[in-house]
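In the UniProt record's numbering, the protein residues as written are 1 to 313.
Each residue gets a CB set at the ideal place from its N, CA and C atoms; glycine is no exception.
None of the values given here were measured: they were computed from a predicted structure.
Here is the structure we will look at, set down as structure tokens.
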């Protein structure tokens, strides 16, 4: 049982490290000019769909019934289309620092939704862990604010709200589809979800993509796009269903706080930022928060404790 939990933790850690690396890489691709945010999002969805379908040729075939195919369509809307689309539009309207701060709400939102929908208990340890982790993430983001503000956009309430909508959609995806995700392999799930996401996105981005002069794009840009598609999309979404199945929603979402750590470390390595005492404290707070949440009791554990004490459920 513990080995399975460790597998879930490693999956979520790996996914969020890759997402953290994608942040500076995708920014470099977008700054280059020819590729718009909408076009890059479409490349992510279509590219991931193609890779997942190719991967499915080398794995055991799974039949997905019609009801589950319909559920996967709505899962794709929440977990991919609405999440990624809202966030990209949000970032285009607000500052990067505001967008980063808004992402720290994901574990809090997930805890609340899980409490109502899955009846997961809101324990003291869980609340403390979430806020310790959030404090670390915010400290890390704010310590880099001066560096980010130089080329960032000004704050806009609609941009902030769209970024918040992205966090809500991903939190609902994590909680509402936890049971469905456990029924099929990650490759089967994601080949259908990214196919649906591509179908929903292409009609709105076809004109952007058709205007790109692919023949004259530099090799560095192709490498950046390849990382966004493979390292920032295919691999993380291969890992996410594993963590989603093996971990409680709130615990899985706590790894969201790893992303700003990775992005900050990359900025330091690239000479765009420095690593000081404040960042060290922030990293310690983030991982302390994750650990505290993992030590909180689940609904099953609490019910088992009550049964052992002879108390009515």
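- Relative to residue 160, the option among 30, 136, 126 and 105 whose CA is nearest is 105.
- Between residue 75 and residue 173, the gap from beta carbon to beta carbon is short of 8 angstroms.
- Exposure of residue 223 is indicated by the presence of fewer than 16 other C-beta atoms within 10 angstroms of its C-beta.
- DSSP places residue 191 inside the alpha helix (DSSP H), whose first and last residues are 186–210.
- Excluding its 5 nearest sequence neighbours in each direction, residue 293 has C-beta neighbours in its own chain below 8 angstroms: 107, 125, 126, 129, 130, 133, 250, 251 and 254, listed in chain order.
- By the Cβ test, the region 59–78 is not in contact with the region 223–232, since fewer than three Cβ pairs between them sit closer than 8 angstroms.
- The beta carbon of residue 282 is closer than 6 angstroms to those of 136, 139 and 140 in its chain, skipping five residues each way along the sequence.
- Around the C-beta of residue 244, 16 or more other C-beta atoms lie within 10 Å, and the residue is accordingly described as buried.
- Taking all protein chains in view, the Cβ of residue 211 is surrounded by fewer than 16 other Cβ atoms within 10 Å, so the residue is classified as exposed.
- For the pair residue 20 and residue 262, the CB atoms are nearer than the 8 angstroms cut-off.
- Beyond the five residues adjoining it in sequence on each side, residue 110 comes within less than 7 angstroms, by CB distance, of 171, 174, 175, 249, 250 and 253 in the same chain, given in chain order.
- Burial is judged here by how many other beta carbons sit within 10 angstroms of a residue's own beta carbon; residue 167 has at least 16 and is buried.
- Under the criterion of beta carbons closer than 8 angstroms, residue 12 and residue 247 qualify as touching, at roughly 7 angstroms.
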